[in-house]
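Peer 1: Numbering (our numbering), first residue to last: -13 to 414.
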Ligand SMILES: Cc1ncc(COP(=O)(O)O)c(C=O)c1O
């Protein structure tokens, strides 16, 4: 017996009288008819409730939503209106947040290789903090300020030497990392000294981020301990302990809640005598479980003795995580989400890659058929934001569903969109 666990679906998920899955009171088949598939369906109430849980756990202006997890203007506006600041890691993320009406003073600029253009944009806009990642970046900030810009408030990103137990591509706190200043070899202290003595930077704190999709809260406590020891003699007002709280993607996985993460971190900090204001930067834990992706099954191919392939109308272009990290997901049918699933299948996309796999080994209800709406839960983080146009497949629409109505927050791309940046002069 394999039935989808209800907890993997967004908070408001329920079924209509005929068994159809509803999110935010909206039937998935109605949304698919209206907006097409693939379709990202976010439960707006779920998003707001995770934002509120984080702000309640850490305090106002202490939670910085990591927009890389999922960003559009509606999301920036929602997070900001729920009392969060925004972590932006590129000029494009900053541009989007500002375009949503989020003030620059609520944006924190990240990135391990910020260009002079991005730094100028951030400084001129007046972002809250710049999280400085390298000595080369300090050179660029000094040049920008020497040319007349105001000296920004900065945090120093420290690589604390704490290995988060997660996939190597998303572990960032270990010594061997492209991010930040290494604590063990003295770079972090050298960076602090340089920032403190430079007239181009106003040093206000330190920062670390040990990795993403971390399930073991003790890793965060360990990072807090290392950072507290490093930051104590500096006596700076801000200490940012990053994001990284994991979420359950598949049956049997258990992740700490945001509230538990808050108490582990804040208890550790108060036991360590931290007097700085402690902030965090959650991304995945705010948005991942808030969304499902709805696809239409287009082909089913049985290879006797080998396996069954179920192909949907999206794939690695809307969810590259399985290909990048071997990430696991669950799948079910929208028309009967809690049906017993016994049909072993590999769920694949429509791209010209054998590696275009969404679920390597899935189970689906036995009567899954071409034309069915297939739903993958927990696809709200690093799906749309990491997506691509591979094969010139159109990026899907995104809707926010609440109280029985859905608003489109990102429309589906059109073929004209594909040519919008294509500069072409016919040769003949
Ligand atoms: C500096 C920083 N902060 C926050 C995050 C968000 O992490 P998560 O989505 O796992 O909470 C990331 C993710 O890569 C990050 O690099």
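Yeah, the Cβ is synthetic: ideal placement off N, Cα and C, and Gly gets one too.
Threshold first: 3 residues or longer. Then list the beta strand (DSSP E) segments lying entirely within the segment -9 to 17, N to C.
Peer 2: 7 to 9
Peer 1: If we ignore side chains and look at the alpha-carbon of each, how far apart do residue 200 and residue 288 end up?
Peer 2: Across the structure, residue 200 and residue 288 are spaced so that their CA atoms are roughly 37 angstroms apart.
Peer 1: Start and end of the beta strand (DSSP E) containing residue 332?
Peer 2: Per DSSP, the unbroken beta strand (DSSP E) holding residue 332 starts and ends at 329 to 334.
Peer 1: Out of 295, 292, 342 and 297, which has the shortest C-alpha to C-alpha gap to residue 313?
Peer 2: 342
Peer 1: Secondary structure at residue 26, three-state DSSP: helix, strand or coil?
Peer 2: strand
Peer 1: Using a Cβ distance threshold of 8 angstroms, determine whether the segment 362 to 375 contacts the segment 271 to 288, with at least three qualifying pairs required.
Peer 2: yes
Peer 1: Which residue wins for smallest C-alpha separation from residue 142, given the options 284, 188, -13 and 253?
Peer 2: Comparing Cα positions, the closest option is 188.
Peer 1: Should residue 52 be listed as close to ligand 1, given that the test is whether its C-beta is under 7 angstroms from any heavy atom?
Peer 2: yes
Peer 1: Excluding the 5 residues preceding and the 5 following residue 285 in the sequence, name in chain order all residues of the same chain whose CB lies nearer than 7 angstroms to its CB.
Peer 2: 297 and 356
Peer 1: Quick check: the segment 65 to 75 against the segment 46 to 54, are there 3 or more CB pairs under 8 angstroms?
Peer 2: yes
Peer 1: So, are the CB atoms of residue 85 and residue 244 less than 8 angstroms apart?
Peer 2: no
Peer 1: What are the boundary residues of the beta strand (DSSP E) that includes residue 106?
Peer 2: Where residue 106 is concerned, there is no enclosing beta strand (DSSP E), although the alpha helix (DSSP H) it sits in stretches over 102 to 111.
Peer 1: In three-state DSSP terms, what is residue 53?
Peer 2: helix
Peer 1: Is the beta carbon of residue 323 closer than 8 angstroms to that of residue 263?
Peer 2: no
Peer 1: Can you give me the C-alpha to C-alpha distance between residue 315 and residue 399, rounded to a whole angstrom?
Peer 2: Taking the straight line joining both Cα atoms gives about 25 angstroms.
Peer 1: Per DSSP, what kind of secondary structure is residue 318 in: helix, strand or coil?
Peer 2: strand
Peer 1: Where does residue 95 sit, in a helix, a strand or coil, going by DSSP?
Peer 2: strand
Peer 1: Evaluate the contact criterion for the segment 232 to 252 versus the segment 13 to 32: three or more CB pairs, one atom per stretch, below 8 angstroms.
Peer 2: no
Peer 1: Indicate whether residue 21 and residue 385 have their beta-carbon atoms separated by less than 8 angstroms.
Peer 2: yes
Peer 1: Using 8 angstroms as the cut-off, can you tell me whether the segment 88 to 96 makes contact with the segment 112 to 127, which would need three or more C-beta pairs spanning the two stretches below that distance?
Peer 2: Here the segment 88 to 96 lies against the segment 112 to 127, with 3 or more beta-carbon pairs under 8 angstroms apart.
Peer 1: Check whether the segment 6 to 26 touches the segment 339 to 353, taking contact to mean three or more Cβ pairs, one atom from each stretch, closer than 8 angstroms.
Peer 2: no
Peer 1: Smallest Cα separation from residue 403: which of 214, 104, -11 and 375?
Peer 2: 375
Peer 1: Counting C-beta neighbours from all protein chains within 10 Å, is the total for residue 216 16 or more, i.e. buried, or is it exposed?
Peer 2: So residue 216 ends up on the buried side.
Peer 1: How would you call residue 409, buried or exposed, if buried means at least 16 neighbouring beta carbons within 10 angstroms?
Peer 2: exposed
Peer 1: CA-CA distance, residue 107 and residue 303?
Peer 2: 30 angstroms
Peer 1: What number of angstroms, rounded off, separates the C-alpha of residue 37 from the C-alpha of residue 378?
Peer 2: 34 angstroms
Peer 1: For residue 73, is the beta carbon positioned less than 7 angstroms from some heavy atom of ligand 1?
Peer 2: yes
Peer 1: How many Å lie between residue 265 and residue 99 at the Cα?
Peer 2: 23 angstroms
Peer 1: Unbroken beta strand (DSSP E) runs of length 3 or more, entirely within the segment 347 to 412: which are they?
Peer 2: Counting only runs of 3+ residues, the beta strand (DSSP E) found wholly inside the segment 347 to 412 occupies 359 to 363, 383 to 388 and 391 to 396, in chain order.
Peer 1: With a threshold of 8 angstroms on Cβ separation, who are the neighbours of residue 334 within its own chain once the five nearest residues in sequence on each side are excluded?
Peer 2: 295, 296, 297, 298, 301, 342, 343 and 344
Peer 1: If I'm right that residue 434 touches residue 380 with Cβ under 8 angstroms, what's the distance once you round it to whole angstroms?
Peer 2: With the chain covering only -13 through 414, there is no way to say anything about residue 434.
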